[in-house]
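S.K.: Okay, here's the structure, questions in a sec.
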Amino acid sequence: MGKWHSLSHNKQDGFTLVELLAVIVILSIIVVIAVPSIGNLVEQSQIDVCEANQQQVARLYQEHMALKGITHSESLFNQFLTEYYQQPLCPTDGIYTYITDDVACSVHDQQESDNGGGSLVVGYFI
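Numbered according to the working numbering, the sequence shown spans residues 49 to 174.
Right under this line is the structure:
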């Protein structure tokens, strides 16, 4: 009789297959919901960083030209970037160009025009 009692006691110690499957399904649903949200947050933060860097570079480059008494040229802008910024400015390796008192990114400015439906002309949307 003691043998049967110990066997029935062991069956109640673990989880059933149905309980384990329920937990797996719930965790899968949470992952399906959370992963795209996190991906969107990462993408949006990269865009925000790039836009902030564009504004900072534009302001500093304009101050640089004013202090030195020089006008813009593409080679001067590239020299300014390599002299003052040793690391990439855009988190997704976009290339910055200076166009009419504004800095544009080759990656994020194009994405904005694709999402907004406008066309990008000289750094502005029309």
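Glycine included, C-beta positions come from ideal geometry on N, C-alpha and C.
Whether or not the segment 110-130 and the segment 65-83 are in contact is what I'm after, with contact meaning three or more pairs of Cβ atoms, one per stretch, closer than 8 Å; do they touch?
M.R.: Touching, no.
S.K.: Please identify the residue among A82, Y109, G87, L89 whose C-alpha is closest to the C-alpha of D149.
M.R.: Position 101 of the sequence shown holds residue 149. D149 has its Cα closest to that of Y109, out of A82, Y109, G87, L89.
S.K.: Spatial neighbours of V170 within its chain, please: C-beta separation below 8 Å, excluding the five flanking residues on both sides.
M.R.: The residue given as residue 170 occupies position 122 in the sequence shown. Residue placement at V170 is poorly supported in this model, since its pLDDT is 36, which falls under 50; the coordinates are not used for a value here.
S.K.: Assuming N101 and L137 are in contact, meaning their beta carbons sit under 8 Å apart, how far apart are those beta carbons, in whole angstroms?
M.R.: For the purposes of this step, residue 101 is taken as the residue at position 53 of the sequence shown. For the purposes of this step, residue 137 is taken as the residue at position 89 of the sequence shown. Sure, about 4 Å apart at Cβ, within 8 Å.
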